[in-house]
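**Q**
Shown next, in the form of structure tokens:
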């Protein structure tokens, strides 16, 4: 069987390699930090599942922040109590992504798990951000894979937002067909997830500016300049680390050195 032109076995090897490298990096830094942020998604869960008992015990003694209720519950299943409200510095944050371009700013799309707003809060308040992906998530240009950019919208603003997108010539659809519930996808914040496809009209940074001017937009899945490193897993079973230029963080963290 194939998955996006690759065999399922190759896709699995690439994801395993990324998760293994991410787990190793977390194990290497865990004794040097006081707080850890954890993103949402299958790759992050796989990474956590690869931590040995000693590392899990050390992690459980740290201040741990979860980006979603799903992540919080998974961490609890591992014996780790986590917080969801940020209070203080997060030393290192691990997360996945849906699509990444490996250049200076490492732009990426997140939000398939509908946790992009809280993930961005954790990333913004973290000293060091590490993204873990397999090779299928890498693009030369964001949007070339045809994946949507998720936008979180207040329920009261849904119809005006859809009208605005229609006027701009941008395809936009409230996410539905979620297996766990009827109706549109709703985030942990109570916002509605709208998937958008601006790629034929706008570049990612240009569309960010448009979204910033629309009342009722809570957040979106565009991350440009939020990341320090991207771990990429390959179907060969190997993984590589790409260094990015971090541009966006809480100003109170800018004076601090990265771990």
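Residue numbers (the numbering used here): 1 to 259.
Every residue, glycine too, gets a C-beta built ideally from N, C-alpha and C.
It should be emphasised that the depicted structure is a prediction, and the values quoted were computed from it without experimental measurement.
What did DSSP end up calling residue 232 once you bin it into helix, strand or coil?
**A** Strand.
**Q** Can you pull the DSSP bridge partners for residue 108?
**A** According to DSSP, which records beta bridges pairwise, residue 108 is partnered with 100, 223.
**Q** If we cut at 8 Å on Cβ distances, does residue 30 have a partner in chain B?
**A** Structure shown: chain B not included; a single protein chain is present.
**Q** Cα separation between residue 122 and residue 39?
**A** Spanning the two alpha carbons is a distance of roughly 8 Å.
**Q** What are the boundary residues of the beta strand (DSSP E) that residue 149 is part of?
**A** Note, residue 149: beta strand (DSSP E), 149-153.
**Q** Using a 10 Å radius around the Cβ and a threshold of 16 neighbouring Cβ atoms, would you call residue 98 buried or exposed?
**A** Buried, because 16 or more other Cβ atoms sit within 10 Å of the Cβ of residue 98.
**Q** Cα-Cα, which of 60, 27, 115, 22 is closest to residue 190?
**A** Closest option to residue 190, Cα to Cα, is 115.
**Q** Does residue 205 come out as helix, strand or coil in the three-state DSSP assignment?
**A** Helix, per DSSP.
**Q** Is the region 127-134 touching the region 14-28, taking contact as three or more C-beta pairs under 8 Å?
**A** A contact exists between the region 127-134 and the region 14-28.
**Q** Hey, residue 33 and residue 92 are a contact pair by Cβ (cut 8 Å); roughly how many whole angstroms apart?
**A** With 8 Å as the limit, residue 33 and residue 92 qualify as a contact, their Cβ atoms being about 5 Å apart.
**Q** With DSSP run on the structure shown, which of helix, strand or coil describes residue 245?
**A** In the structure shown, residue 245 sits in coil (DSSP, three-state: anything other than H, G, I, E or B).
**Q** Which residues bound the beta strand (DSSP E) around residue 172?
**A** 171-174 is the extent of the beta strand (DSSP E) around residue 172.
**Q** Relative to the C-alpha of residue 194, which candidate in 60, 120, 151 has its C-alpha closest?
**A** Here the closest residue by C-alpha is 151.
**Q** If we ignore side chains and look at the alpha-carbon of each, how far apart do residue 259 and residue 119 end up?
**A** For residue 259, the predicted structure reports a pLDDT of 44, less than 50, and the residue's modelled location is therefore unreliable. The matter cannot be settled from this model.
**Q** Quick one: Cα of residue 2 to Cα of residue 69, how far?
**A** Because residue 2 sits at a pLDDT of 49, beneath the cut-off of 50, its placement in the model cannot be relied upon, and the following sentence gives the value as read from the coordinates. Taking the straight line from one Cα to the other gives about 32 Å.
**Q** State the start and end residues of the unbroken alpha helix (DSSP H) segment that holds residue 43.
**A** Start and end: 42-49.
**Q** Among residues of its own chain, excluding the 5 on either side of residue 188, which ones have a beta-carbon nearer than 6 Å to its beta-carbon?
**A** So the list reads 68, 69, once near-sequence residues are dropped.
**Q** With distances taken between CB atoms, is the gap from residue 223 to residue 108 smaller than 8 Å?
**A** Their beta carbons are under 8 Å apart, which means residue 223 touches residue 108 by this criterion.
**Q** Using only CA atoms, which one of 234, 247, 250, 245 lies nearest to residue 9?
**A** The candidate whose alpha carbon is nearest that of residue 9 is 234.
**Q** Tell whether a beta-carbon distance below 8 Å holds between residue 18 and residue 231.
**A** Yes, Cβ-Cβ distance for residue 18 and residue 231 is below 8 Å.
**Q** If you run the structure through DSSP and keep just helix, strand and coil, what is residue 13?
**A** Residue 13 falls in the helix class under three-state DSSP.
**Q** Can you tell me which of the three DSSP states residue 133 falls into?
**A** Reduced to three states, the DSSP call for residue 133 is strand.
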